[in-house]
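Peer 1:
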Amino acid sequence: MKLILLGAPGAGKGTQAERLSKKLEIPTISTGNILRAAIKNGTPTGLKAKSFMDAGQLVPDEVIIGIITERLAEEDCKNGYILDGVPRTIAQAEAMERSGIVFDAVVSIEIADEEIMERMSGRRVCESCGASYHLAAVPPKREGVCDSCGGKLVQRKDDAPETVRSRLEVYHRETEPLKAFYEKRGLLKPVENQTTVEDTTQAILRALGR
Ligand code: AMP
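Each residue of the sequence shown is one higher than the one before, counting from -17 in this note's numbering.
1. Does the beta-carbon of Leu135, which I'm using as the reference point, lie nearer than 7 Å to any heavy atom of ligand 1?
2. Below 7 Å, is the gap between the Cβ of Met102 and the nearest heavy atom of ligand 1?
3. May I ask which residues mark the beginning and end of the alpha helix (DSSP H) holding Ile98?
4. Hey, could you find the ends of the beta strand (DSSP E) Ile(-14) is sitting in?
5. Answer yes or no: the CB of Ile46 versus the heavy atoms of ligand 1, is any distance below 7 Å?
6. Please state the DSSP three-state secondary structure of Pro143.
7. Using the rule of at least 16 other Cβ atoms within 10 Å of the residue's Cβ for burial, across every protein chain shown, is Pro(-9) buried or exposed?
8. Tell me whether the beta-carbon of Arg70 lies closer than 8 Å to the beta-carbon of Thr157.
9. Can you find at least 3 beta carbon pairs, one from the segment 77 to 85 and one from the segment 94 to 111, that sit closer than 8 Å?
10. When you measure from the CB of Gly(-11) to every non-hydrogen atom of ligand 1, does any distance come out below 7 Å?
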């Protein structure tokens, strides 16, 4: 199963990707997590990406295309994967198509901008492993501590309200056109965000016929 998860920043792609990854036994590939790790490790890619990310802008397509083609060629991707946060532009989708990367389905998580603005203030991520939590919806067992690795939970710089607003603008302008792109290819499966995380996972699995 080769799957793309589309949706606005804060739609719950990361959370759903982790859950689907366990159920379907395939890895999640998140370009956001790869870039945050690169920044933390001070690699050349990290240095290039940091200012774009802090401002809530997209990292240039050529950087992303390099990262993703390299990552998808790794051994653990051969039975499938879930892409979280990539492709984010038509250029990225076309580049993947040109490299012969094909998908079984593209799930788009549908949620209103106002709900996202409300949600983002509660999001926390693990600074060590990138796992995602929400103070109300997906709280960690111990406050401020990652359930999986014991790392420290922090608020992402780009989750500040002004940055969330510009990320939503970028989403509508650059990423939303991907829905029409994949609709044309018969792959798009829109799924309404549900009240609970589990209900949304179930809705996605139903849309995938699982
Ligand atoms: P995310 O964790 O998916 O919300 O990504 C955080 C930030 O990383 C985004 O706001 C972008 O600056 C950058 N980023 C992640 N994935 C991509 C991508 N596919 N294309 C461009 N920028 C990306």
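Beta carbons: idealized from backbone N, C-alpha and C, even for Gly.
Peer 2: The relevant details are as follows:
1. To locate residue 135, count along the sequence shown from 1; it is residue 153. No; taking the cut-off as 7 Å, the Cβ of Leu135 has no heavy atom of ligand 1 nearer than that.
2. Position 120 of the sequence shown, counted from the first residue, corresponds to residue 102. It does not: the Cβ of Met102 is nowhere closer than 7 Å to a heavy atom of ligand 1.
3. What you label residue 98 is simply residue 116 of the sequence shown in a count that begins at 1. First-last of the alpha helix (DSSP H) with Ile98: 95 to 102.
4. Locating residue -14 in the sequence shown gives position 4, counting from the first residue. Looking at the DSSP string, the run of the beta strand (DSSP E) that includes Ile(-14) is -16 to -11.
5. Looking up residue 46 in the sequence shown gives position 64. Yes; taking the cut-off as 7 Å, the Cβ of Ile46 has a heavy atom of ligand 1 nearer than that.
6. The residue given as residue 143 occupies position 161 in the sequence shown. DSSP places Pro143 in helix when its eight states are reduced to three.
7. On the sequence shown, residue -9 is found 9 positions in, with the first residue counted as 1. Buried, since its Cβ has 16 or more Cβ neighbours within 10 Å.
8. In the sequence shown, residue 70 corresponds to position 88, counting from 1. In the sequence shown, residue 157 corresponds to position 175, counting from 1. Cβ distance < 8 Å, so Arg70 and Thr157 count as in contact.
9. no
10. The count along the sequence shown starts at 1 and reaches residue -11 at position 7. False, no ligand heavy atom lies under 7 Å from that Cβ.
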